[in-house]
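Participant: Per our numbering: the sequence shown = residues 20 to 174.
Each residue gets a CB set at the ideal place from its N, CA and C atoms; glycine is no exception.
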Amino acid sequence: MVSIKSHILNVSILHYDYSLNLLKFQIHGTTNMEIASFKQKLANSDRDFECLSRLNGNYVHFRFVGDFMGESIIWDVHLYTLAYYVNEVAENSQPGTSIRQFIHVGDMDKAGRKIEIGLNLLHIDEPAIRKTMVMVRQYKRLAIGRHEYGETISV
């Protein structure tokens, strides 16, 4: 490593080779090392997901590892009952609004690939979380954007 004296402050300036870290700055999502670390964290906890909010019955925020477009990623999930979504999350919605179940795959950030899921459930519990994980993992043609399915429900 080369050191140069700065004439203004009379301190050494060390040159740093940023090329090794360039990949980390080019990708705005999670890296393979972060995924491996997250998998280890899950293995140590004896769970296959990390709950990031309290399980209140209507909404839960959690993360798990899965695949998307052929790559291993961390899914950053916001799971809602449809009633909760209409009453608390959706803008400009009113009681009695009709809605279908949905999956909205969003952007990648440091927490993982954002995904919002609204299901026609009375409440959300651990079995609902596990079924949601299976659904996301088995959905082969999942793409970025909102995907609605099933009957239209009035909530």
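In the DSSP assignment, what are the bridge partners of Tyr168?
Facilitator: Looking at the DSSP assignment, Tyr168 forms a beta bridge with Gln120.
Participant: If contacts are defined as beta-carbon pairs under 8 Å, then Val174 and Val105 qualify, I think. What distance do you get, rounded to the angstrom?
Facilitator: Their Cβ separation, rounded to whole angstroms, is 5 Å, which keeps Val174 and Val105 in contact under 8 Å.
Participant: Check each candidate in His80, Ile122, Asp65, Arg132 and name the one with the smallest Cα separation from Tyr158.
Facilitator: Among His80, Ile122, Asp65, Arg132, the Cα nearest to that of Tyr158 is on Ile122.
Participant: Cα-Cα, which of Trp94, Phe68, Val108 is closest to Val124?
Facilitator: Answer by Cα proximity: Trp94.
Participant: Going by the CB atoms, is the gap between Phe83 and Met152 shorter than 8 Å?
Facilitator: Contact: yes.
Participant: Taking C-alpha atoms, which residue in Asn75, Gln113, Gly76, Asp67 lies nearest to Arg149?
Facilitator: Selected option, being the one with the closest Cα: Asp67.
Participant: How about Glu135 and His97: are their beta carbons less than 8 Å apart?
Facilitator: The answer is yes: Cβ separation under 8 Å.
Participant: Where Ala62 and Ile54 are concerned, what is the direct C-alpha to C-alpha distance, given to the nearest angstrom?
Facilitator: Approximately 12 Å, taken between the alpha carbons.
Participant: Taking the Cβ atom as the reference point for each residue, do Tyr99 and Gly131 lie within a distance shorter than 8 Å?
Facilitator: No. Outside cutoff.
Participant: Could you check the C-alpha separation between Leu141 and Glu90 for me, to the nearest Å?
Facilitator: Rounded to whole angstroms, Leu141 to Glu90 spans 33 Å at the Cα level.
Participant: Are there 16 or more other CB atoms within 10 angstroms of the CB of Gly115, so buried, or fewer, so exposed?
Facilitator: So Gly115 ends up on the exposed side.
Participant: Please report how far the alpha carbon of Ala162 lies from the alpha carbon of Ser64, in whole angstroms.
Facilitator: So the two alpha carbons sit approximately 30 Å from each other.
Participant: By alpha-carbon positions, which one of Pro146, Glu145, Lys129, Arg119 ends up nearest to Asn139?
Facilitator: Comparing Cα-Cα distances from Asn139 to each of Pro146, Glu145, Lys129, Arg119, the minimum goes to Arg119.
Participant: In the DSSP assignment, the beta strand (DSSP E) including Val155 goes from what residue to what residue?
Facilitator: No beta strand (DSSP E) contains Val155, which is instead part of the alpha helix (DSSP H) from 145-157.
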